[in-house]
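Input: a single structure, listed below in structure tokens.
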Amino acid sequence: MKQIHQIYVDGEFVTPHGTETFDLISPLTNLKTGEVVLGDETDTRRAIAAAKEAFKTFRKTTVDERIAYLGKLHAAVSKREEELVKTMVEEYGGTLQFSKASARNAIESFTNMIQVLQTFEFQKTVGQSLVRLESLGVVGIITPWNASNSFICNKFATAVAAGCTVVVKPSELSAAQTQLIVECFHEAGLPKGVFNLVNGLGTVVGAEITSNPDIAKISFTGSTFTGKIIAKGAVDTMKRVTLELGGKSPNLILDDADLQTAIPAAVFGAYMNNGQACIAPTRLLVPENKLDEVNALAKAAVRQVQVGNPMDEQTHVGPLVSVKQFERVQQYIRTGLEEGAVLLAGGGGKPEGLEAGNFVRATIFTNVRNDMRIAQEEIFGPVLSIIPYQTEEEAIAIANDTNYGLAAYISSSDRERANRVAAQIDAGRVVINGFKHDPQTPFGGFKQSGIGREYGVYGLETYLEPKAVLA
Ligand code: ADP
């Protein structure tokens, strides 16, 4: 049994004031694997006070010093890459393939920020005056469970680059992964108080971070629902917010696309991270006159999707993180059937032989209309909706007919045409022909997918406050 009974405040692992515990449950077996002691408001205030004190000196660090700290963090996290992968698979049920990529992303956060710092100008002449970009202050970082350490590392790396100090509140479902990453950060030996972490509930620790006047900014990744609560609470003390929220990303297959490649890729893509990815392309938009061909290809592709033990290198879809998440996805599958969508593959219940864990059958609905709930709401499980369209114009209209706007995908054999379509899509990131990640480009959403951007220069700027000095 894992016992995670300490939080990290002012450079030390300490016993929290809070005494409530939360059970850690394996998504593979639904058996209890350990317990985490939850911090409370007192713990959160202590962590914020430590970060506030540390900020006084950390804000004065030079760019070279920050680069050196990021280098130490990179070295410390790199050393434990294998454990990071293993813990993510065990605790969360992410597949080995996905967890490896996620751990790489976490590690590369530090080198990516070093690269940004090498050319970033913290001081510029604008008009006749000087503009200095100054460290914002203490940043509250609130993260979800679906790629926990990757989010924490990216947000913390950006804070360090900006000369900010942090208090992290991870998801209570990620306690083991978080424990490991904090051990890495501790080993990196940054000045005490620069990094602090309080395990606890969103409504307790998260709420204190949201209301506390000593927090200057919140960087949040999670649901749109919770993002709105945080944004509303943050405005009372005029905190800056960066919110990376939900998505219902369209995948536009234009009529000149190579379906033999694009459709299998679309099916596997929709199931990335067991379908628990905000950027997952869950709405597959296809020309109506090719619907039969698409259905046949999708059906053939889904037969290749292996649902099972996430430790197995061949597995594409592991168990969902919790029983709650499993039930939520089951409800959406029932909703799809009630709404009249045609079930092409999968459906309700668990795959045979996988009854113990939170496994969902790899599911595809076809003949979906974009106004159905399964096309409008984020399901966060392995459920793909195929939506037919008649013209390119209609495809663009359907793609944009959503409250979300995080990512979009386009397949076409004509690059210029794809670019023309991309220009008309309301999404923070549009990917052409495949699934790519470019860590220096901004990441974040249009509309209710969020506020602000992360990664690279755009990400760094959101941790800085411009000050014009007019002489
Ligand atoms: P999920 O429950 O699927 O993880 P959420 O968006 O609810 O998605 O959670 C993301 C993070 O936000 C978690 O760390 C969670 O504990 C935290 N959280 C939940 N509710 C609140 C809240 N009211 N205030 C601040 N943080 C919250």
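Note that the working numbering gives residue 275 to position 254 of the sequence shown, counting from 1, and the numbers run on in steps of one.
Ideal placement from N, C-alpha and C gives every residue a C-beta, glycine not left out.
Given the structure is predicted, the values throughout are model-derived calculations rather than measurements.
Just so you know, the alpha carbons of I274 and A429 end up roughly 11 angstroms apart. Taking 8 angstroms as the cut-off, the Cβ atoms of I173 and I239 do not count as close. By DSSP's assignment, E33 forms a beta bridge with V30. For the 8 angstroms CB-CB criterion, G214 and A89 do not form a contact.
Distance from the CA atom of K371 to the CA atom of V381, rounded to whole angstroms, is 5 angstroms. Sequence-distant Cβ neighbours of T63 in its own chain, meaning closer than 6 angstroms and more than five residues away, are H38. Scanning F34, Q144, I25 for the CA closest to the CA of R153 turns up Q144. Following the DSSP letters along the chain, one finds T186 inside the beta strand (DSSP E) bounded by residues 186-190.
Here DSSP, grouped into helix, strand and coil, assigns V323 to helix. Between the ligand ADP and L222, a heavy atom-to-CB distance of less than 7 angstroms is present. E193 has its Cβ nearer than 7 angstroms to a heavy atom of the ligand ADP. Contact between I395 and G367 does not hold, since the beta-carbon distance rounds to 13 angstroms and is not under 8 angstroms. Look at G466: its beta carbon is at least 7 angstroms from all of the heavy atoms in the ligand ADP. Within the model, the alpha-carbon separation for T231 versus E104 is close to 32 angstroms.
In the displayed model, P308 falls within a strand according to three-state DSSP. Runs of beta strand (DSSP E) with 3 or more residues, each lying fully within the stretch 225-296, are found at 238-242, 261-265, 271-274, listed in chain order. In terms of Cα proximity to Y353, the closest of N217, E334, S406 is S406. The C-alpha of K488 is placed about 10 angstroms away from the C-alpha of S150. In terms of side-chain proximity, the C-beta atom of I28 is found no nearer than 7 angstroms to any non-hydrogen atom of the ligand ADP. Secondary structure at S433: coil, using DSSP grouped into helix, strand and coil.
Per DSSP, reduced to three states, the secondary structure at T54 is strand.
Under DSSP, L45 shares a beta bridge with G55. Counting only the Cα atoms, L59 lies some 30 angstroms from Y476.
Around the beta carbon of T258, fewer than 16 other beta carbons sit within 10 angstroms, so the residue counts as exposed. Separation of G254 and A448 (C-alpha to C-alpha, rounded to the nearest whole angstrom) is 26 angstroms.
Look at R101 here: in three-state DSSP terms it is coil, with no helix or strand label.
Comparing alpha-carbon positions, the option among V225, A196, I431 lying closest to R304 turns out to be I431. In this model, L211 and R355 are separated by some 50 angstroms (Cα to Cα). Bounds of any alpha helix (DSSP H) do not take in F467, whose DSSP letter is neither H nor E. Bounds of any beta strand (DSSP E) do not take in Y353; it lies within the alpha helix (DSSP H) bounded by 344-359.
Positions of the alpha helix (DSSP H) runs, each at least 4 residues long and wholly inside the stretch 390-415, are given as 394-397 in order along the chain.
With fewer than 16 other Cβ atoms inside 10 Å of its own Cβ, P234 counts as exposed. With a cut-off of 8 angstroms on Cβ pairs, the stretch 299-316 is not in contact with the stretch 335-345, counting fewer than three such pairs. With respect to the 8 angstroms criterion, L485 and E142 are not classified as neighbours on the basis of their beta carbons.
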